[in-house]
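Residue numbering for the sequence shown follows our numbering, starting at 4 and increasing by one per position.
Even for Gly, the Cβ is constructed at its ideal location relative to N, Cα and C.
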Amino acid sequence: PAQSGSSTVLERMRRGYSREAYMELIDDVRSMIPDVAITSDFITGFCGETEEEHEDTLSLMEHVKYDQAFMFAYSMRGKTHANRTMEDDVPEEIKSRRLQEIINMFRTTVQRRNDELEVGKLRLVLVEGESRKSKEGARSWGGRTDQNKRVVFPIIGESPECWSEDAVNPVFSALNRTYPSNDMVRSDLLHDFARRPKVEVQAGDYAVVQVDQARGHTLKGKLLWRSSMQGFHEMGLDQNALDLFSAMAK
4 PAQSGSSTVL
14 ERMRRGYSRE
24 AYMELIDDVR
34 SMIPDVAITS
44 DFITGFCGET
54 EEEHEDTLSL
64 MEHVKYDQAF
74 MFAYSMRGKT
84 HANRTMEDDV
94 PEEIKSRRLQ
104 EIINMFRTTV
114 QRRNDELEVG
124 KLRLVLVEGE
134 SRKSKEGARS
144 WGGRTDQNKR
154 VVFPIIGESP
164 ECWSEDAVNP
174 VFSALNRTYP
184 SNDMVRSDLL
194 HDFARRPKVE
204 VQAGDYAVVQ
214 VDQARGHTLK
224 GKLLWRSSMQ
234 GFHEMGLDQN
244 ALDLFSAMAK
């Protein structure tokens, strides 16, 4: 975890790395794995922290755009290097204000990142069950992506239902061969597909969800089909696939 965006604070914390080394590592990781999710802890108001050092943390967060962050105001702990050699000299009201500023920065950047990278995408979700905010008349289930992002989707009835992977694969293959050149064949396939029976989705299943909204680090979307991890990745889904399955789900 970064813990701070200031090299001088990191040195006082005895973290063993600088801001510059951390940012270089993050940039290298993102260049190799563009879709990687990055999380971190942050401590604000560490011993002797100045406004300039606090601003360094805010600018680091803006640069990285974390997918998840755990943020705390510093409190002195016994039997630590800081306890033995430093003074907890940042007033509590300043700690609280700085903590709120890093929370606000995280909320702004995670919203921007998810709007850019998640909305409109097809995501494989490990279904966990009914969501906490589900209620009569507006029931929803949820799960997590392989980036550990929370995804919520509405359901009708007692449990979610969608198409199976076995039903989707041949239709997708046929549509992909004809799309977009043969509108008549495409229309017939979609019409036939819409009449296929749906299967029940249970907690522990994998399912494909089209993300249509991001609220902070929680995503909302539309349940499309029950899948396997291998099957989802073997399909090699691209923008054409997104357009096709959006048409299927209507």
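Going by DSSP, what residues sit across from Gln6 in a beta bridge?
Gln6 is bridged to Phe45.
Going by Cα to Cα distance, which pick from Arg116, Glu119, Val12 and Val128 is closest to Met89?
Measuring from the Cα of Met89, the nearest candidate turns out to be Val12.
Sorted by chain position, which residues of the same chain lie with C-beta nearer than 8 Å to Ala210's C-beta, five sequence neighbours on each side aside?
The answer, listed in chain order, is Leu127, Val128, Val130, Gly146, Pro163, Cys165, Val204, Leu226, Leu227, Trp228, Arg229 and Ser230.
If contacts are defined as beta-carbon pairs under 8 Å, then Val261 and Val154 qualify, I think. What distance do you get, rounded to the angstrom?
What the structure shows of the chain is the stretch from 4 to 253, and residue 261 is not part of that stretch, so it cannot be assessed.
Flag this pair as touching only if the region 82-100 and the region 22-34 have three or more C-beta atom pairs under 8 Å; answer yes or no.
At 8 Å Cβ cutoff, the stretches do not touch.
Please report the straight-line C-alpha distance between Glu161 and Glu56, rounded to a whole angstrom.
The straight-line gap from Cα to Cα measures roughly 52 Å.
For a test of the three-state rule: what should DSSP assign to Arg153, helix, strand or coil?
Strand.
From the DSSP output, in three-state form, read off Glu56 for me.
DSSP places Glu56 in helix when its eight states are reduced to three.
If Glu121 and Val214 are in contact, beta carbons under 8 Å, what's the gap, nearest whole angstrom?
Confirmed, about 5 Å.
Identify which residue in Glu54, Gly219 and Asp149 has its Cα closest to the Cα of His236.
Residue Asp149 is the option with its Cα nearest to His236.
Thr53 and Leu102 look like a contact to me (Cβ under 8 Å); what is the Cβ gap, rounded to whole Å?
Contact doesn't hold; Cβ gap of about 16 Å is too wide.
To the nearest angstrom, how far is it from the Cα of Pro157 to the Cα of Arg218?
Pro157 and Arg218: Cα-Cα distance of roughly 15 Å.
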